[in-house]
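*Asks:* Right, I'll just put the structure down here and ask away after.
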């Protein structure tokens with residue numbers, strides 16, 4: 001463990017956890033519907049949100065994990081937990097880790113601290129109504145803990161969470177924090193709370209960081225290149241973390257009316273993402289965040 005001087009979030013401190021989770025392949029699934037996106041240009045008047053796919057696709061993920069003996073962390077939305085108690089029970093019974101993804105998939109920096117706390121409480125209540133397991137972890141919708149709202153980390157500590165996986169260490173137009181540590185670290189919040197932060201996996205290339213195991217990046221990069229990157233990251237002493245949504249393994253993609261730019265980000269690579277994700281799930285043994293970092297939690 002060593003001090004890291006970079007402090008882009010105005011925190012009291014950041015401690016890099018050298019070799020934490022070394023050699024682990026961590027699997028995380030954000031359990032939400034296909035329409036739980038935060039694109040600003042979406043025309044929701046033309047979208048039929050009565051179509052639900054999350055149950056069937058998540059159950060398919062569970063089937064694959066049962067076949068391979070892998071475990072995962074499922075970041076669950078509260079609104080999904082209210083509708084799909086059997087889904088939570090299936091995840092729980094198969095020994096996976098349950099974590100919180102908020103209640104209604106609202107960007108955190110569009111909420112006040114009071115609104116976020118209430119959203120968090122509602123989500124925890126909905127999830128824990130169907131499991132007796134303690135929720136240790138949180139991931140913000142669309143990685144929406146940024147320089148705009150570091151107070152969210154204090155609230156997570158106050159509400160009893162042990163780790164967060166919301167801070168994206170590459171900045172884009174919607175989320176991300178430039179120069180945040182790429183490796184797991186322990187942060188001390190402005191109010192003195194302590195929290196483990198597990199950022200998504202990136203690889204350094206010249207002066208850039210490239211995320212490659214989730215979202216847009218997972219869809220556009222070739223599988224062979226992703227597997228090479230995984231080997232490089234593990235060799236450096238860091239774990240790798242795959243993240244995706246149940247809709248990413250759908251054989252069809254329901255399109256949302258978007259601007260040209262956001263349409264590109266939402267649709268590119270969709271035809272190959274299912275095959276790519278299923279190949280990764282079947283080719284490697286995966287574990288949950290809770291298991292990979294149990295000695296720190």
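Numbering (UniProt numbering), first residue to last: 1 to 297. Every residue gets a Cβ at the ideal spot worked out from N, C-alpha and C, and that includes glycine.
1. Report all residues from its chain with a CB closer than 6 Å to the CB of residue 199; omit the five preceding and five following residues, and keep chain order.
2. Could you check if residue 48 is buried or exposed, using at least 16 other CB atoms within 10 Å of its CB as the buried criterion?
3. To the nearest angstrom, how far is the alpha carbon of residue 87 from that of residue 246?
4. So residue 184 is in the alpha helix (DSSP H); what residue range does that whole segment cover?
5. Taking the straight line between their C-alpha atoms, what separation do you get for residue 177 and residue 75?
6. How close, in whole Å, do the beta carbons of residue 99 and residue 137 come, if the pair is a contact with beta carbons under 8 Å?
7. By the three-class DSSP mapping on this structure, what secondary structure does residue 281 have?
8. Assuming residue 193 contacts residue 242 under a Cβ cut-off of 8 Å, what Cβ separation, rounded to an integer in Å, is found between them?
9. Using the beta-carbon count (16 or more within 10 Å), is residue 7 buried or exposed?
10. Out of 28, 181, 255 and 39, state which residue places its alpha-carbon closest to the alpha-carbon of residue 173.
11. Please determine, among 184, 197 and 283, the residue with the shortest C-alpha to C-alpha distance to residue 236.
12. If you draw a straight line from the C-alpha of residue 221 to the C-alpha of residue 135, how long is it?
13. For residue 256, count neighbouring C-beta atoms within 10 Å of its own C-beta (all shown protein chains included) and say buried if the count is 16 or more, exposed if not.
14. Report the three-state DSSP secondary structure of residue 10 (helix, strand or coil).
15. According to DSSP, simplified to helix, strand and coil, what is residue 267?
16. Can you find at least 3 beta carbon pairs, one from the stretch 26 to 44 and one from the stretch 58 to 78, that sit closer than 8 Å?
*Replies:* Reading off the structure:
1. 167 and 169
2. exposed
3. 12 Å
4. No alpha helix (DSSP H) holds residue 184; DSSP gives it neither H nor E.
5. 21 Å
6. 4 Å
7. helix
8. In fact, because the Cβ distance is near 28 Å, the residues do not count as touching under 8 Å.
9. exposed
10. 39
11. Checked all of 184, 197 and 283; the closest Cα to residue 236 is 184.
12. 33 Å
13. buried
14. In this structure, residue 10 counts as coil in the three-state DSSP scheme.
15. helix
16. Flag = yes, the stretch 26 to 44 and the stretch 58 to 78 touch.
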